[in-house]
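A.B. asks: Here's a structure for you.
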Amino acid sequence: MYQIYLFVALLVVGYGFGQLAERRHLKSLIEREKVANALPAIASRFPATDRAYDQQLVSGSVVIASDYFKTFVSGLINLFGGRVTPFESLIDRARREALLRMKADAQRRGAGYVFNVKYETSRIGAGRVPAMEVLAYGTALVPGTAGRDLPGEAVHASADADAAVPVSG
Amino acid sequence: MPPYRSAAEQGDRTVDYENRQPAEGINVTAGHPLRRFAVLVGAAALLVVVLVVITRFAGGAAARLVPFSVEQRVMRSLDIPFGDAPLDDPVRVYLDELAQRLVPSLGLPADMSVIVHYDSADTFNAFATLGGNLLFYRGLLERMPDENALAMVMAHEIAHVLHRDPAAGLGGGVASALVLAAVTGSVGTGAATDGLSRTGLLTSVQFTRRMERQADRVASAALAERYGHLHGAATLFEVIQAQRLPSRRPVWLERFTATHPLDADRIRAIEAHAQELGVPLDGPATPLPAEVVAALRAAAPAAEPD
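Order-wise, the sequence lines are chains E and H. Take the first sequence: its letters are residues 32 to 200, numbered as in our numbering. Take the second sequence: its letters are residues 454 to 759, numbered as in our numbering.
As C-alpha cells, then:
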C-alpha cells in the first residue's frame with residue numbers, strides 16, 4: 032500500500048514543482064529575451080557584408096530533465112499516440128534558454144549579429160527520467176579589428192566599430 | 454516594446470535584421486495538464502481492464518477445451534514432486550480415502566480423477582493444481598477440528614479440478630500476462646508500467662474470486678449431500694479469520710483487491726447456501742481418525758520449552 036502512497040506523492044511533488052519551475056522559467060525567459068532581442072540572431076546563412084566582421088562560433092546549451100508527472104503522462108501517451116504535450120513546454124523553454132545562452136556568449140565577444148543559427152538536440156540517458164540537451168549555435172559577427180578587414184570592394188570598413196551594435200528602432 | 458531593428462548590407466542590398474519577442478503558447482498544446490492526466494489514466498485503465506477481461510476469458514476458455522487427459526499426461530511427464538509423504542503414509546491414505554468418498558457427491562466425471570499429496574511442512578495451506586493434483590500441508594490439517602472441516606477444504610479443491618480452474622487460471626493468466634506485458638512495455642516508464650500492471654492484477658483477481666466462490670458453493674453442496682448438514686463448512690474461514698492480523702485497510706478495498714473472497718463473506722455465503730439447500734448449518738461432527746491425529750502430532754516439531 033505504501034507504494035501507492037509513494038507513487039501519488041511523487042506525482043504530486045512532480046506536478047507541483049514542475050509547474051512552479053515552468054512558471055518561474057517562463058517569466059525569466061521573457062524578461063531576458065526583451066533585453067537580448069537587441070542582438071539579432073538570424074537563421075540566414077548569408078552574413079551581413081556592410082563592413083568587416085570577425086566570424087566566431089558561439090554556442091549555448093541547456094540540459095533539461097522531465098519531472099515525475101510529465102514522465103508518467105508521456106508514458107501513457109505512448110500507448111495511445113498523439114502529441115506528447117507534457118514535453119512541448121519543456122522543449123520550448125529549453126530552445127529559448129539555449130538561444131539566450133548563445134546570445135550571452137556572443138554579447139561577451141562584442142558581436143553585432145549571430146548568423147546561421149541552428150539548434151541541435153540529443154537525448155541523454157539519465158535513468159528512468161528522460162533528459163535531453165538543446166544546443167543552439169551560430170556564427171557571431173564581431174565588428175572587425177584592424178588588419179582583419181574583408182578583402183574586396185564590397186567592404187565598407189568603418190572606423191567606428193560600435194556602429195554595428197544594433198540600436199533600438 | 455517595439456522590436457529591435459538593425460539594418461545592414463548584404464551584398465548589394467540593405468537588409469533589416471530583427472529579433473522579435475517569441476509568441477507565447479504557439480509551441481504548446483492548449484489544455485490543463487491535470488485534465489489530460491485524468492483522461493489518459495482513465496483510458497489506460499479501461500484499456501487494460503478490457504484487455505485482461507478478454508484474455509482471461511479467452512485464455513481460460515481455450516485452456517478448458519484441452520482434454521483433462523492431456524493435462525494429466527503433461528503433469529505425469531513433468532514429474533513434479535508434490536509433498537513429502539509416501540503413498541502408504543497414514544495421513545495420505547486417509548486424505549485419499551476422504552477424497553474418494555467426496556468425489557461422487559461432487560459429480561466428478563469418470564474421465565477425471567484427483568491425486569492427493571501430503572506434505573508434513575507447517576504451512577497453513579492446501580491447493581489444487583494441474584492434472585488433478587491436490588496438496589495438503591500438515592499446517593492446515595493440524596488446525597482442522599474435525600473431518601467435516603477438512604472435507605470442506607477437500608471438496609473445495611476437488612471442485613477447482615472439476616471446474617478446470619487450475620488450467621483456466623494458467624491459460625487465462627499466461628494470455629493476460631502476455632497482453633499486459635505488450636501494453637506496459639510500450640508505455641516505457643516505470644511508474645506507468647507499474648500502475649498498469651497493478652490494474653491488470655486487480656482485474657485478474659476478480660476472476661480468481663469468482664472461481665473461489667463457485668468452488669465454495671459446489672463444496673458446501675457436496676458436504677450437505679455427504680453429511681446431511683453443513684457443520685464444518687465455515688470452519689476453515691473462521692480459523693483463517695482468527696489467525697489473520699487485523700487489516701487497517703477498509704473492507705471495500707480488501708474485498709476488491711484480494712485474490713479470495715473475504716472470510717466473512719464466504720461464511721455468509723455458506724449460511725445462505727445452507728438455507729437454499731434446506732440443510733441445517735450444524736450437525737454432529739465426524740471426528741478425524743485417531744491414527745491420523747496421532748500421525749499429525751508425531752510429525753509436529755516438539756514444542757520448545759519457554
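Built from N, CA and C at the ideal position, the CB exists for glycine as well. Keep in mind that this is a model prediction, so the values were computed, not measured.
Just how far apart, CA to CA, sit Arg202/E and Val640/H?
C.D. replies: What is shown of chain E runs 32 to 200, which leaves residue 202/E out entirely.
A.B. asks: Taking all protein chains shown into account, decide if Gly175/E is buried (16 or more other Cβ within 10 angstroms of its Cβ) or exposed.
C.D. replies: buried
A.B. asks: Would you kindly check if the distance between the Cβ of Leu70/E and the Cβ of Gln138/E is under 7 Å?
C.D. replies: In contact: Gln138/E and Leu70/E (Cβ atoms closer than 7 Å).
A.B. asks: If Leu683/H sits next to Ala727/H, beta carbons under 8 Å apart, how far is it from one beta carbon to the other, in whole angstroms?
C.D. replies: 5 Å
A.B. asks: Kindly identify the DSSP beta-bridge partner or partners of Ile95/E.
C.D. replies: Met163/E
A.B. asks: Is there a Cβ from chain H that is less than 7 Å from the Cβ of Asp225/E?
C.D. replies: The requested residue 225/E does not occur in the structure, where chain E is confined to residues 32 to 200.
A.B. asks: Run through DSSP, which three-state label would Ala579/H get?
C.D. replies: DSSP places Ala579/H in strand when its eight states are reduced to three.
A.B. asks: So Ala672/H and Gln694/H are in contact, right, with Cβ under 8 Å, and what is the actual spacing, rounded?
C.D. replies: That pair is no contact at about 18 Å.
A.B. asks: Which residue wins for smallest C-alpha separation from Val627/H, given the options Ala514/H, Ala498/H, Arg489/H?
C.D. replies: Distances from the CA of Val627/H to each of Ala514/H, Ala498/H, Arg489/H were compared; the closest alpha carbon is that of Ala514/H.
A.B. asks: If you reduce the DSSP assignment to three classes, tell me which class Ile720/H lands in.
C.D. replies: helix
A.B. asks: Ignore the nearest five residues each way along the sequence and tell me which others in Leu623/H's own chain have a CB closer than 8 Å to its CB.
C.D. replies: Taken in chain order, the residues that qualify are Ala516, Leu583.
A.B. asks: Any idea if Tyr36/E is buried or exposed, counting beta-carbon neighbours within 10 angstroms, 16 or more meaning buried?
C.D. replies: By the C-beta density criterion, Tyr36/E is exposed, having fewer than 16 other C-beta atoms within 10 angstroms.
A.B. asks: Quick check: the Cα distance between Tyr46/E and Leu655/H, rounded to an integer number of angstroms?
C.D. replies: Here the C-alpha atom of Tyr46/E lies approximately 26 Å from the C-alpha atom of Leu655/H.
A.B. asks: Could you name the residues of the same chain whose beta carbon sits closer than 7 Å to that of Ser120/E, not counting the 5 residues immediately before and after it, in chain order?
C.D. replies: If we look at Ser120/E and ignore the five residues flanking it on each side, its Cβ neighbours are Glu53.
A.B. asks: Could you name the residues of the stretch 44 to 72 of chain E whose beta carbon sits closer than 7 Å to any beta carbon of chain H, in the order they occur along the chain?
C.D. replies: Glu64, Lys65, Asn68, Ala69, Pro71, Ala72
A.B. asks: Span of the beta strand (DSSP E) holding Ile568/H?
C.D. replies: 568 to 572
A.B. asks: Comparing alpha-carbon positions, which option in Ile155/E, Leu130/E, Ser153/E lies nearest Gly169/E?
C.D. replies: Leu130/E
A.B. asks: Helix, strand or coil for Leu689/H, going by three-state DSSP, please let me know.
C.D. replies: helix
A.B. asks: Verify the CB distance criterion: does Leu493/H have a CB-CB separation below 7 Å to chain E?
C.D. replies: yes
A.B. asks: Do Val165/E and Arg140/E count as a contact pair if the criterion is CB distance below 7 Å?
C.D. replies: no
A.B. asks: Does the beta carbon of Ala497/H come closer than 7 Å to any beta carbon on chain E?
C.D. replies: yes
A.B. asks: Quick one: does Phe490/H have its CB under 7 Å from some CB of chain E?
C.D. replies: yes
A.B. asks: With three or more beta-carbon pairs closer than 8 Å as the criterion, would you say the stretch 520 to 539 of chain H touches the stretch 674 to 681 of chain H?
C.D. replies: no
A.B. asks: Nearest CA to the CA of Ala732/H: which residue from Met605/H, Ala674/H, Ala711/H, Val636/H?
C.D. replies: Just to set this straight, residue 732/H is Val in the shown sequence, not Ala. Selected option, being the one with the closest Cα: Ala674/H.
A.B. asks: With a threshold of 16 other CB atoms inside 10 Å of the CB of His394/H, please say whether the residue is buried or exposed.
C.D. replies: Residue 394/H lies beyond the stretch modelled for chain H, which goes from 454 to 759, so this question has no answer here.
A.B. asks: Along chain E, which residues have their Cβ under 8 Å away from the Cβ of Thr482/H?
C.D. replies: Arg114, Thr116, Glu119
A.B. asks: Is there contact here, the stretch 547 to 557 of chain H with the stretch 492 to 512 of chain H, by at least three beta-carbon pairs under 8 Å?
C.D. replies: no
A.B. asks: So who's on the other strand from Ala498/H, going by DSSP bridges?
C.D. replies: None, per the DSSP bridge assignment.
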